[in-house]
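Reviewing the structure listed below.
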Amino acid sequence: MPVKNVLKMGHPILQQVAEPVTEFNSALLDSILVDMYDTMVALDGAGLAAPQIGIRQRIVIFCVEDNPRYPDIEPVPDTVLINPEVSFLSDELVLDWEGCLSVPGLRGRVPRCNNIKYRGYDQYGNVIERIADDFHARVVLHEVDHLDGVLYPQRMEDMSDFGFEQELFP
Ligand code: NI
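In my numbering, each residue carries its 1-based index in the sequence shown increased by 939.
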């Protein structure tokens, strides 16, 4: 089963800006997506960005349905989002908890824009354009940050809101 090793914070690939995808509907892209899905599902992730499995391309996936790591969250549609662009629709920042498979065992409260528009492509090259708020917006912003070499602790303003899951949520 192609569950890949997830790179951890400190690995140089996680600090790099990923390259745009130039070819859609390809066997290579399909195999990257299979690996990303298998890895995300095996680890109960809400999303995954290609650099987290060592692939420096602008590809993210996300899906939140009955996820034991995020129990009280509204579902987020199962999405492949390639070459995403995000714009902020409000100045309102909301603080909420995030985790990341590249920062295992930890959670932190991260300020994020609560209302965004995002645009990108699916694996066939079809345009995806959506307005998102709350946790959906947070997931997209978190995953797109990975494509620019940013992990959520770098977005935190108060490090007293950073800690181990088992201590924060016993
Ligand atoms: Ni992450």
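Heads up, the beta-carbon is just placed ideally off N, CA and C, and yes, glycines get one too.
Nothing here was measured: the structure is a model prediction, and the numbers come from that model.
Distance from the C-beta of VAL1042 to the nearest heavy atom of the ligand NI is below 8 Å.
Counting along the chain, the unbroken beta strand (DSSP E) around TYR1057 starts and ends at 1054-1060.
Below 8 Å, too few C-beta pairs join the region 1050-1067 and the region 976-987 to call them touching: fewer than three. In this structure, the ligand NI has a non-hydrogen atom nearer than 8 Å to the beta-carbon of ALA988. If only uninterrupted beta strand (DSSP E) runs of at least 3 residues are considered, those enclosed by the region 989-1049 are 998-1003, 1015-1027 and 1032-1037. Closest option to ALA985, judged by alpha-carbon separation, among ARG1008, ILE992, ILE952 and SER970: ARG1008. Beyond the five residues adjoining it in sequence on each side, VAL1078 comes within less than 6 Å, by CB distance, of ALA985, GLY986, PHE1001 and VAL1015 in the same chain, given in chain order. Boundaries of the beta strand (DSSP E) around ILE1067: 1066-1072.
In chain order, ARG1048 and PRO1050 place their CB closer than 6 Å to the CB of LEU1034, counting only its own chain and leaving out the 5 sequence neighbours on each side. Between PRO1109 and ASN964, the alpha-carbon positions lie close to 44 Å from each other. Counting other Cβ atoms within 10 Å of its Cβ, ASP1005 stays below 16 and is therefore classed as exposed. Residue side-chain check: TYR976 keeps its Cβ at 8 Å or more from all non-hydrogen atoms of the ligand NI. Our two residues, LEU1040 and GLN991, have alpha carbons roughly 8 Å apart in a direct line.
Taking the Cβ of LEU946 as the reference point, every heavy atom of the ligand NI lies at 8 Å or farther away.
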